[in-house]
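So the structure is just underneath, and the comments pick up after that.
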Amino acid sequence: QEQGTVVLEVCVDKNGKVISAEYLLKGSTTADTKLISLAKQNAFAWRFSEGNVDKQCGTIRYEFRLK
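Numbering-wise, the sequence shown is residues 1120 to 1186 according to the working numbering.
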């Protein structure tokens, strides 16, 4: 059981679909591959509003805590 923060740089196409999700060391407090994989799976499930720009990127921060 791991805990920590995983920060991903996520890029979205003009249709609102996540097209990439990359782990960022800066801001992350863990490099656990399972937590990174879970964060990426969740990021690809997101759907954003459509836009006029071909691609937009930003960060999503995931906090994993033990219960």
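Yeah, the Cβ is synthetic: ideal placement off N, Cα and C, and Gly gets one too.
Model, not experiment: these values are computed from the prediction.
On a CA-only basis, which of the options is nearest residue i? Give me that one, please.
i, options, result
"E1169", "E1128, Q1120, V1129, N1134", "N1134"
"G1123", "S1147, K1159, D1173, L1157", "S1147"
"V1131", "R1184, F1183, V1172", "V1172"
"E1121", "K1174, I1155, K1159", "I1155"
Could you compute how far the alpha carbon of residue i sits from the alpha carbon of residue j?
i, j, result
"C1143", "K1186", "For clarity, residue 1143 is Leu in the given sequence; the question names Cys instead. Using only the alpha carbons, I get a separation of about 25 Å."
"D1151", "W1165", "22 Å"
Could you tell me which residues DSSP pairs with residue i in its beta bridges?
i, result
"K1174", "D1132"
"Q1121", "The residue asked about is misnamed: residue 1121 is Glu in this sequence, not Gln. Paired residues: none, contrary to the question."
Is the CB-CB distance between residue i and residue j below 8 Å?
i, j, result
"V1126", "A1162", "no"
"A1140", "K1153", "no"
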